[in-house]
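As structure tokens, the structure follows; a few thoughts come after it.
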Amino acid sequence: GITEWSDADIQKALAEVRTLRAWYYFNLVRYFGDVPMTTSIVTSLDSVQLPRTSLKKIYDEVIIPDLEFAVNSP
């Protein structure tokens, strides 16, 4: 919804946000092992009662793709 930003600015911001998400999940799995994983917006308290997700799945679906996105962004 921000109209003043160029496509390059938007891509840069997305790369930064995904890098932070990868860093946060990296630290969570380092300290706690399997943790609940969510990649969507939380709209109710019912949606935060998630089971733990395996460390491998978090690496494969969040950490590695987010860092690859950041590296490959212009």
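Note that this note's numbering has the sequence shown beginning at 875, numbered continuously upward. Ideal placement from N, C-alpha and C gives every residue a C-beta, glycine not left out.
Alpha-carbon to alpha-carbon, Asn901 and Glu878: 34 Å
Residue interval of the alpha helix (DSSP H) (run including Trp897): Asp881 to Phe906
Limits of the alpha helix (DSSP H) - the one that Leu941 falls within: Run containing Leu941: Ile938 to Asn946, per the alpha helix (DSSP H) assignment.
Cβ contact check for the region 882-898 and the region 923-930: 3 or more pairs under 8 Å: no
Ile937 versus Thr913: straight-line alpha-carbon distance, rounded: 11 Å
Coarse secondary structure for Val909, derived from DSSP in three states: strand
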